[in-house]
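Structure first, commentary second.
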Amino acid sequence: MSEGHRAAYVAFDRFPSAKGSAVHIRHMAAELFDRYGGGLLCVLGGGGLPAYQREGGVEIVRFGAVVPNLLDRAEAFSAWVADRLAPHRDTLRLCHVRDPWGALPALSAGGRLVYEANGLPSIELPYAWPLAAPSTLAKIRDLEGECLRRAAAVVVPSQVIEAAVTSRGAAPERVHLVPNGADPVRPGLPRPPAAPGRYLIYVGALQPWQGVDVLLRAFARLADLTDLSLVVCSSVSPSRARPLRRLAERLGVEDRVTWQHTLPHDEVAAWLTHAELSVAPLTASPRNLDQGCSPIKVWESMAAGTAVVASDLPVIREVLGEHGRLVPPDRPAELARAIRVLLEYPEAARDLGRRARQHVEEGFTWKHARARLAAVYDRVEGH
Amino acid sequence: MFWGKQKAAIAGFHPLHQALVWQRGFSATQPAAGWAALIASLHRHAGLVRRAKWALPPRTLDVLVPLILELCSDLGPKGTLTVAADLRGRDVPGKTGPSRDLPVRPPVRSATETLTVDPWLRVRAELRDGSILELLVVDRTRERRIAKRNPRGKYKAKRKSKSIQIIKVRRRLAKGAQSRVPAAPPPAWIGVFVREGERRSVLATAKLHRLPQSGQEQVDRILTVATEPFRWTPQAGTGQRSES
Amino acid sequence: MTPCAVTTGFFTLGKCGQMAVAGCPACGRALCADHVADGGLCPECAAARNQFGHPAAAAAYRRRAHRHRTAQEYTDVGWYAGLDTYDRAPFDPGAGADQDYLDDGADALVDS
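Protein chains in written order, with full-length UniProt numbering: chain A, 1 to 383; chain B, 1 to 244; chain C, 1 to 112.
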């Protein structure tokens, strides 16, 4: 039997997976476990992943129970985490969590709590679960507030989320900004064999607030550029892309759109590197405006040296700064025009890409993010 | 002879099982192994005894057995569990107190109130962390009989009864055991009293204004009340108390 | 000696601690001879698969079921908000914006 762990990372998310959050979990957990010489990683299982895995000092346990209802599943996960953490109660020094259902068991598990708020379920859940009642969301909001208030430190990836968690009662001096990052793509990655000639690329999940529909409409306006294709690298399964495919058919662009699903992370980098432009058409929904996010797709496009065209939202401005092209959100015509301009001036696009890459290399690689996170851990331990 | 086979089967049961059949109750102290034998015997009952008169009293299989099972899992290697169960129900002599007349005004002719107190379960367990858990469950029923007469001389009699249940759990901690006030208060329906001393004891009491409607609910209620005293010591799980 | 890591007890939780002779194929925890439940699983994994042949599996199931039913009672186990059936129903599989319920792991609470 193992010694008690000193650190634990809890995420209600499948790991590893093709999603941006998995990249995030990998780097954040690595920092935590390097610091404490191993630890316990509690994540969701399924998809053929083993329930238990041990890598050096790191124990990975995966929650595998099939509970159809999401809230029931979250609560079952919570209870399961409490069970997993209980044996380490005496030794546990730090718990790093990402959501209230991970935070609840961690709060009573001994050790200090670092709450990493990449998003807030009370804002984000209604997008996937439109029938959720406002009173339910208010309860979830209370729950978030409780966890945020009791956390020793709250880590946020953007200033917009910082404002959101502060409004939920997190003490401002305990909220720390740790922007996401991306590792620079090594030059000379081979062109993916399936890649069309010239292409725009979208990388990420396909929720409505990602604005992929806006991108498709904008792309339909570029019908005169017959050599141009659009590649959608979806991090979710094909069945979730069905409504968007239907839209592409209606717009008459289906034969110019290439769909790639759940590609491994390094293949995505190759796709990104060889794209003309990367597009992040996030919509101006409360999810992006009030809750905020730190879109990894933008970070990775920058790191690949590909020029980014993105919606003009506070969260994007924070990430992209001067190193990309911003367009008003939810406006296909404006988006199409911006893409067309950048395609006509390839030097300008290359220059944007180069500057973006430099910007990332100078301060926003995962190494930098990990150093910032380490500083937060230092402060938490110092108290 | 009538029912001979079934009578013979009962004679082969565990003595406490026989006491449940004949006296509808028992009181005994034994270690976990003894209780396991009783429970094994109880599970054979339905297959061997069909006569309704000799059926196991209510609350045996759905309340008593689960409770004994859970408590046995917490007993120390030398710890014993004492159970005094009285499952005769409340309508037996000795459980009903004297009736009392209530003040009345016309048209009510008389109103009497009777209290029935049925302490049907007492448990004492010596747990493996050195503490002692005591449990008491009492059903109390208040019955009121009202007689009235209307101006035409017609009599009416009414009965109203209300049952409540009181659950008391006391845990006497081991000598010198660490304890702390729990971070969050217990649910509103559970009261807690702490008596300091060489051995701190935590008493949790609850009064249910409605009797539990199923065996499972009853067990859950009892165990929920019994949870409270355990929140006063640092959570186990890392106790790693090896039984060997 | 590797001690058996099966949780015992209802209120006073502890590990069994006897010498382990096997490991659970599902979760990998060490098991002593008394705690090898149906199919060589540990009691909790067996209970999760609805195999209650072993008394410890039945106990694990009851312990878990009781905790589940009474999780709303004590605030400090974490259910501050007390989400009831009405709150839960909108999160049933059929109620999502995406009608195809597929367990592809895209069900995280937040997306970074």
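The beta carbon of each residue, even a glycine, is placed where N, CA and C say it ideally should be.
- Proximity of chain B to G40 of chain C at the Cβ level (cut-off 8 Å) is not reached, the minimal Cβ distance being about 22 Å.
- Along the segment 9 to 21 of chain C, the positions whose C-beta sits under 9 Å from a C-beta of chain B are G9, F10, F11, T12, L13, G14, K15, C16, G17, Q18, M19, read in chain order.
- DSSP places C72 of chain B in the uninterrupted alpha helix (DSSP H) bounded by 65 to 74.
- For S17 of chain A, there is no enclosing alpha helix (DSSP H), since its DSSP letter is neither H nor E.
- Under DSSP, no beta-bridge partner is assigned to Q218 of chain B.
- The beta carbons of V202 of chain B and I167 of chain B sit no closer together than 8 Å.
- Rounded to whole angstroms, the gap between the alpha carbons of K53 of chain B and Q213 of chain B is 23 Å.
- In terms of beta-carbon proximity, R62 of chain C lines the interface with chain B, with at least one pair separated by less than 8 Å.
- Assignment of beta strand (DSSP E) within the segment 226 to 256 of chain A, counting only whole runs of 3 or more residues, yields 228 to 234 in chain order.
- Taking 8 Å as the threshold, the shortest C-beta distance from A30 of chain C to chain B does not fall below it.
- Residue state for A133 of chain A is assigned as coil, using DSSP reduced to three classes.
- Contact residues of the segment 65 to 84 of chain B toward chain C are P66, L69, E70, L71, S73, D74 (C-beta to C-beta distance below 8 Å).
- Per DSSP, H176 of chain A lies in no alpha helix (DSSP H) segment; the continuous beta strand (DSSP E) that holds it begins and ends at 175 to 177.
- Exposed is the label assigned to Y345 of chain A, since fewer than 16 other Cβ atoms lie within 10 Å of its Cβ.
- In this structure L200 of chain A is not in contact with V81 of chain A, their Cβ atoms being roughly 41 Å apart against a cut-off of 8 Å.
- Considering only beta carbons, the part of the segment 72 to 83 of chain A lying closer than 9 Å to chain C consists of D72, R73, A74, E75, A76, S78, A79, A82, D83, in chain order.
- The segment 103 to 110 of chain A and the segment 73 to 87 of chain A touch, with no fewer than 3 CB-CB distances between them shorter than 8 Å.
- By the beta-carbon neighbour count (other beta carbons within 10 angstroms, threshold 16), D351 of chain A is exposed.
- Taking one beta carbon from each stretch, the segment 9 to 19 of chain B and the segment 353 to 367 of chain A have fewer than 3 pairs nearer than 8 Å; the two do not touch.
- Setting aside the 5 residues that flank it on each side, A153 of chain A is surrounded in the same chain by V114, R174, H176, V376, R379, V380, each with a C-beta closer than 7 Å to its C-beta; the list follows chain order.
- At a cut-off of 3 residues, the continuous stretches assigned as beta strand (DSSP E) that sit fully inside the segment 296 to 333 of chain A are 307 to 311, 325 to 327.
- In this structure I316 of chain A does not touch V23 of chain A by the C-beta definition: roughly 18 Å separates them, more than the 8 Å allowed.
- DSSP, reduced to helix, strand and coil, places F12 of chain A within a strand of the structure shown.
- Using a Cβ-Cβ cut-off of 8 Å, F193 of chain B does not count as an interface residue toward chain C, since no Cβ of chain C sits closer than that to its own.
- Apart from the 5 residues on each side of it in sequence, L230 of chain A sits with its Cβ closer than 8 Å to the Cβ of Y199, L200, I201, Y202, L215, L216, F219, V253, R256, V257, T258 in its chain, given in chain order.
- Taken through DSSP and simplified to helix, strand or coil, K148 of chain B comes out as strand.
- L244 of chain A places its beta carbon less than 8 Å from that of V212 of chain A.
- When Cβ-Cβ separations below 8 Å define contact, T205 of chain B makes no contact with chain C.
- Note that the segment 12 to 29 of chain A touches the segment 41 to 53 of chain A; at least 3 beta-carbon pairs, one per stretch, sit closer than 8 Å.
- Counting only runs that start and end inside the segment 83 to 107 of chain A, the alpha helix (DSSP H) elements of at least 4 residues fall at 100 to 107.
- Residue environment: Q178 of chain B is assigned as exposed (fewer than 16 neighbouring CB atoms within 10 Å of its CB, all protein chains considered).
- Judged by beta-carbon spacing, F12 of chain A lies beyond the 8 Å limit of D90 of chain A, meaning their Cβ atoms are not closer than that value.
- Apart from sequence neighbours up to five positions away, the residues of its chain that approach V49 of chain B with a beta-carbon distance below 8 Å are Q6, A9, I10, V21, A55, ordered along the chain.
- Rounded to whole angstroms, P238 of chain A and A18 of chain A show a C-alpha spacing of 13 Å.
- Among the residues facing chain C, A65 of chain A is included, as its CB has a counterpart in that chain under 8 Å away.
- In the same chain as P121 of chain A, and ignoring 5 residues on each side of it, the C-beta atoms closer than 8 Å to its own belong to D99, P100, I140, E144, in chain order.
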